[in-house]
């Protein structure tokens, strides 16, 4: 089997609990993807889930037994199964979480193997709800969901909007398996660092920009850069998993649509469009992370409805362009009280040159934090799944961010951003 080992998930023990929702048919894909990262997976299915997804399929894909209610008190097991499984797992993913399973969990009812495991667990839990729209909107379910959101070590994934099995279009669709996998990885990273899932961004709003912008030269040509937008998207999702409300303004990104679920997104093309939305959203944000790679130049004259000849383009290059204003500096000039800013800068050169240039940029922009990204090295910067560099903070502090997955780096940056925000509030 061809695998893509993920350093955050490789060797981790993941227990996947599937309850009675038609979304259970998607779980074989989740299990298969987790196995490909190098994780060890075991599965539990509720009685109703076993009618929707084959326990044999999950057993085959996970290379382990798939447990059901009749196994809970099996005499061949030396210990109660719900205890041994809850202690075995590094993390539990409940996907899908049905309305009835949610209610049992919240009210402390231990009927069945799945419910007993959840009550016994002291590990991180990802809960991906799925149900009919009317059921999701029921006041009892809403109250139960709000209660679950306050459970320690639980990351709740709210259902998305979509076409449901009942032919209704509305909220209730289970989070995409790719997003569930991202939440699992995020929880592993957090738990490894803190032995807990801190929801330290609860009641805070984060505004993030991501990806490149495009400046059209004519009908056929444009100026842009190699940014994929992944770093910004992962900062947004990591903050959301930690309790934040996230607005994401992005250019033409190269990120799976599933990874945008749960974020309030605003798609733009050029720097003018991005700044216009930034102006509208700035006042409500507690923190702003400007990860977008804004194009450096834009045409003075709009010729996007015609195509210039090569000769015309060459002759006009010098006089037809202007420098795009620094959007971060413009926002900082209008910052609200205690608002904190994280900027990004893509640089090349040796370590000392990069740190020197980054210090100058931080002073010019007057941001609270600046991430200096070397883009001329492998496994860093654009078009990479990993990142690293230097984070410049208050009082000329420079901290090296070791090369790691972009999700891991996202959590480190959120830690620092929250620390600056707390200090500002203390000194208010």
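In UniProt numbering, the protein residues as written are 1 to 428.
No residue lacks a Cβ here, since even glycine has one placed at the ideal position from N, Cα and C.
- Nearest to residue 272 by C-alpha distance, out of 225, 330 and 288, is 330.
- For the 7 Å CB-CB criterion, residue 218 and residue 307 form a contact.
- Looking at the DSSP output, residue 162 shares a beta bridge with 170.
- Note on geometry: alpha-carbon atoms of residue 197 and residue 191 lie some 6 Å from one another.
- Minimum Cα-Cα distance from residue 395 among the listed residues 17, 423, 377 and 77 corresponds to 423.
- Residue 229 has its alpha-carbon roughly 16 Å from the corresponding atom of residue 262.
- One Cα belongs to residue 87, the other to residue 31, and the distance between them is close to 20 Å.
- Under the DSSP assignment, residue 416 falls in the alpha helix (DSSP H) whose first and last residues are 406 to 426.
- Residue ranges of uninterrupted alpha helix (DSSP H) with 4 or more members, entirely inside the UniProt domain "Flavoprotein" (12 to 152) and ordered along the chain, are 27 to 36, 55 to 62, 81 to 88, 99 to 106, 113 to 120, 133 to 137 and 139 to 149.
- The distance from the Cβ of residue 357 to that of residue 290 is about 17 Å, inconsistent with a contact at the 8 Å cut-off.
- Distance check between residue 116 and each of 134, 94, 137 and 129 places 94 closest, using alpha-carbon atoms only.
- Here residue 230 carries a helix assignment [DSSP, helix/strand/coil].
- As a beta-bridge residue in DSSP terms, residue 205 pairs with 245.
- In the DSSP assignment, residue 323 falls outside any alpha helix (DSSP H) and within the unbroken beta strand (DSSP E) covering 321 to 323.
- The region 243 to 288 is shown to contain whole beta strand (DSSP E) runs of 3 or more residues at 245 to 250 and 264 to 267, in chain order.
- Considered as a whole, the region 326 to 370 harbours 340 to 347 as its complete beta strand (DSSP E) runs of no fewer than 3 residues, in chain order.
- Straight-line spacing of the CA atoms in residue 245 and residue 282 works out to 14 Å.
- If you compare the alpha carbons of 121, 123 and 27 with that of residue 96, the shortest gap goes to 27.
- Of the candidates 376, 154 and 114, 154 places its Cα closest to the Cα of residue 124.
- Rounded to the nearest whole angstrom, the CA to CA distance from residue 258 to residue 183 is 12 Å.
- Residue 317 counts as exposed, since fewer than 16 other C-beta atoms from the protein chains shown sit within 10 angstroms of its C-beta.
- When DSSP states are grouped into helix, strand and coil, residue 183 belongs to the helix group.
- Only residues of its own chain outside the window of five on either side were considered, and among them 155, 237, 238, 241, 407 and 411 have a CB closer than 8 Å to the CB of residue 186, listed in chain order.
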